[in-house]
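Structure, as structure tokens:
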Amino acid sequence: MYLTLVTVLCVFVAIAGIVVSVIHEPPTWAVVVGVVAGFALSAALLQTAAFADIAQSSVGSWSVRLASFAGVEALLTLTAVQRGRTAEN
């Protein structure tokens, strides 16, 4: 049950992050930094005791990784777009 819930939530986060990134077209640096930071975040999360069951499952661990990548990239994309709009004004 716990694995299914986390996997479904991670899929929703990943889809939302991908949609935000596609709509706002992030710069290349945001994609690279998002992947590196997402990998570091997912590795740290999967090392914790709370995610021990999920780390044992390949579907669960990859869903956490994908959600981390997409979430970090979406946040960087929104930050870059906001700074670009501020610089234009």
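Just so we're aligned, residue -3 is where the sequence shown starts under the working numbering, counting upward by one. Cβ coordinates follow ideal geometry from the N, Cα and C atoms, glycine included.
- Non-local beta-carbon contacts of residue 10 in its own chain, meaning distances under 7 Å to residues more than five positions away in sequence, involve 62, 63 and 66 in chain order.
- Contact between residue 74 and residue 16 holds: their C-beta atoms lie close to 7 Å from each other, under 8 Å.
- When the five nearest sequence neighbours on each side are left out, the beta carbons in the same chain lying within less than 7 Å of the beta carbon of residue 26 are those of 69, 72, 73 and 76, in order along the chain.
- The beta carbons of residue 47 and residue 31 sit no closer together than 8 Å.
- In this structure, DSSP gives residue 21 a state outside helix and strand, which the three-state scheme calls coil.
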